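Undergrad:
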């Protein structure tokens with residue numbers, strides 16, 4: 305199984321809503337990542353978890369809150385988002401750090417904030 | 003990590019070899035060259051990586067110049083399904099980040 309599964313595939317939420325994005329992998333990978341991608345732009349790194357601990361936060365606003373409940377799961381909790389946060393949110397995993405091995409990406413959650 | 007420069011777009015005819023260049027003139031000795039691609043509406047997909055030597059796998063070949071300041075990704079017999087944005091990334095072994103540049107939008111024409 306070389307899949308990273310993201311749910312939901314599409315999400316529409318209001319600016320006062322609270323929602324969560326979910327990412328799951330069963331490859332035994334110990335590093336997991338959240339990226340944000342706007343249309344026609346490259347993915348931008350948001351967070352890195354290494355061995356279930358947050359190791360990198362790329363100065364992401366606190367309305368995005370990551371969580372790694374176990375080595376297979378990564379969540380992104382969303383609260384009080386703005387319309388400009390509408391984007392494709394990508395989850396990825398790698399065996400350990402991406403410089404050592406390839407990273408596997410999910411298909412993404414397309415988020416629309418209204 | 004060293005900066006990479008790629009042409010913003012390229013075209014290639016179906017069945018021909020697609021050669022995608024990447025300039026990384028400030029690469030250091032312990033940095034690897036990685037290539038990923040992103041087909042429309044999908045997540046990025048790993049293609050290949052290398053340090054000094056040329057590499058080949060079932061998807062592509064990677065040619066790195068002797069001075070390591072540039073590389074070329076070769077898709078030997080391009081198909082319509084190879085239409086995608088191709089990202090060249092230079093990163094150290096053990097780096098915790100994978101940082102994407104602007105990439106090259108490759109269009110394979112029938």
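Protein chains in written order, with this note's numbering: chain A, 305 to 418; chain B, 3 to 112.
For glycine and all other residues, C-beta sits at the position ideal for the given N, C-alpha and C.
Nothing here was measured: the structure is a model prediction, and the numbers come from that model.
(1) So, does the region 8-23 of chain B touch the region 328-343 of chain A, judging by three or more C-beta pairs under 8 Å?
(2) Could you tell me whether the Cβ atoms of residue 62/B and residue 76/B are closer together than 8 Å?
(3) In the DSSP assignment, find the beta strand (DSSP E) that holds residue 107/B and state where it starts and stops.
(4) Whose Cβ in chain B lies nearer than 7 Å to the Cβ of residue 354/A?
(5) For residue 112/B, tell me which candidate among 80/B, 101/B and 89/B has the shortest Cα-Cα distance.
(6) Which residues, in order along the region 84-108 of chain B, keep a beta-carbon less than 7 Å from a beta-carbon of chain E?
(7) Could you check whether residue 21/B and residue 95/B sit closer than 8 Å to each other, using their CB atoms as the reference points?
(8) Within 10 Å of its beta-carbon, does residue 378/A have 16 or more other beta-carbons around it, so buried, or fewer, so exposed?
(9) Quick one: residues in its chain with C-beta nearer than 8 Å to the C-beta of residue 358/A, no 5 flanking neighbours on either side, listed in chain order?
(10) Is residue 407/A close to chain B, meaning its C-beta is less than 8 Å from at least one C-beta of that chain?
(11) Can you tell me whether residue 39/B is helix, strand or coil according to DSSP?
(12) Just the Cα atoms here: how many angstroms apart are residue 382/A and residue 47/B?
(13) Which bits of chain B does residue 403/A rub up against, with CB to CB less than 7 Å?
(14) Listed in chain order, which residues of the region 346-374 of chain A have Cβ atoms closer than 9 Å to some Cβ of chain B?
(15) Residues in its own chain within less than 6 Å of residue 25/B by CB, not counting five upstream and five downstream?
(16) Check whether the Cβ atoms of residue 403/A and residue 97/B sit closer than 8 Å, and answer yes or no.
(17) From the DSSP output, read off the bridge partner residues of residue 32/B.
(18) Mind listing, in chain order, the continuous beta strand (DSSP E) runs of no fewer than 3 residues lying wholly within the region 318-402 of chain A?
(19) Is residue 346/A closer than 8 Å to residue 124/B when the C-beta atoms are compared?
(20) Which residues, in order along the region 377-396 of chain A, keep a beta-carbon less than 7 Å from a beta-carbon of chain B?
(21) Let's see if you can read the secondary structure: which residues bound the beta strand (DSSP E) around residue 410/A?
(22) For chain B, is any of its Cβ atoms less than 8 Å away from the one on residue 411/A?
(23) Chain A partners of residue 8/B, CB-CB under 8 Å?
(24) Quick check on residue 82/B: does DSSP put it in helix, strand or coil?
TA: Reading off the structure:
(1) no
(2) Your numbering for residue 62/B matches position 60 in the second chain. Your numbering for residue 76/B matches position 74 in the second chain. Cβ distance < 8 Å, so residue 62/B and residue 76/B count as in contact.
(3) One-based indexing of the second chain puts residue 107/B at position 105. Per DSSP, residue 107/B belongs to the beta strand (DSSP E) from 106-111.
(4) Taking the first residue of the first chain as 1, we reach residue 354/A at position 50. Those within 7 Å of residue 354/A in chain B are 98.
(5) Indexing the second chain from 1 puts residue 112/B at position 110. With distances taken between Cα atoms, residue 112/B lies closest to 80/B.
(6) No chain E appears in this structure, whose protein chains are A and B.
(7) Residue numbering aside, residue 95/B sits at position 93 when the second chain is read from its first letter. Residue numbering aside, residue 21/B sits at position 19 when the second chain is read from its first letter. Contact flag unset, no.
(8) Position 74 of the first chain holds residue 378/A. Classification of residue 378/A: buried, given that the 10 Å Cβ count is 16 or more.
(9) Taking the first chain and counting its residues from 1, the one referred to as residue 358/A is at position 54. 351, 352, 370 and 372.
(10) Taking the first residue of the first chain as 1, we reach residue 407/A at position 103. At least one chain B Cβ lies under 8 Å of residue 407/A.
(11) Here residue 39/B corresponds to residue number 37 of the second chain, with the count starting at 1. Strand.
(12) Working through the first chain from its first residue, we reach residue 382/A at position 78. Working through the second chain from its first residue, we reach residue 47/B at position 45. Taking the straight line joining both Cα atoms gives about 26 Å.
(13) For the purposes of this step, residue 403/A is taken as the residue at position 99 of the first chain. Within chain B, the residues near residue 403/A are 34, 93, 94, 95, 96 and 97.
(14) 346, 347, 348, 349, 352, 354, 359, 360 and 362
(15) Stepping through the second chain from its first residue, residue 25/B is reached at position 23. If we look at residue 25/B and ignore the five residues flanking it on each side, its Cβ neighbours are 7 and 72.
(16) As a first step, residue 403/A must be located in the first chain, where it is residue number 99. As a first step, residue 97/B must be located in the second chain, where it is residue number 95. For residue 403/A and residue 97/B, yes; Cβs fall inside 8 Å.
(17) Translated into the one-based positions of the second chain, residue 32/B becomes position 30. In DSSP, residue 32/B forms no bridge with anything.
(18) 322-329, 335-341, 348-354, 357-361, 368-374, 377-383 and 391-398
(19) Limits of chain B in this structure are 3 at one end and 112 at the other, which puts residue 124/B out of reach.
(20) 394
(21) Translated into positions along the first chain, residue 410/A becomes position 106. Careful: residue 410/A lies outside any beta strand (DSSP E) and carries neither H nor E.
(22) Residue numbering aside, residue 411/A sits at position 107 when the first chain is read from its first letter. For residue 411/A, the answer is yes, since a Cβ of chain B falls inside 8 Å of its Cβ.
(23) Translated into positions along the second chain, residue 8/B becomes position 6. The premise fails here: residue 8/B is roughly 11 Å from chain A at the closest Cβ pair, so nothing lies under 8 Å.
(24) The residue given as residue 82/B occupies position 80 in the second chain. Here residue 82/B sits in helix by DSSP.
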